[in-house]
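In the UniProt record's numbering, the protein residues as written are 1 to 109. In what follows, a single structure is set out as structure tokens and then discussed.
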């Protein structure tokens with residue numbers, strides 16, 4: 001943390017720790033699971049990371065859109081998907097979100 005910057009909230013600290021725990025435990029389970037689960041675990045990890053930004057009030061509309069697309073995949077019914085195209089589109093959306101000026105919502109007065 002940079003001197004003079006705002007401290008991380010306890011909720012954000014816990015969320016990041018839980019995300020790390022999820023990623024580590026997912027890595028361990030991958031050694032014994034069907035390889036197809038790996039993709040869903042990575043998508044869920046990305047979804048959780050974006051959800052943390054949103055919960056902290058730091059998500060831009062473009063980041064929320066990417067998280068919403070991930071919700072559809074992770075929580076939606078199983079489907080025969082073109083994952084290469086899906087991942088290309090999600091990556092492009094994330095690039096757009098990260099290269100736009102910061103448009104995170106400001107707190108209401």
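From the three backbone atoms N, C-alpha and C, an ideal C-beta is built for every residue, glycine too. Fair warning: this is a prediction, and the values are worked out from it, not measured in the lab.
Look up residue 31 in the DSSP assignment and say whether it is helix, strand or coil. coil
Decide if the region 46–62 is in contact with the region 28–37; the criterion is three or more beta carbon pairs, one per stretch, under 8 Å apart. no
Nearest candidate by alpha-carbon position, reference residue 63, set 86, 93, 76: 93
DSSP three-state call for residue 11: helix, strand or coil? helix
Does the distance from the C-beta atom of residue 31 to that of residue 47 stay below 9 Å? no
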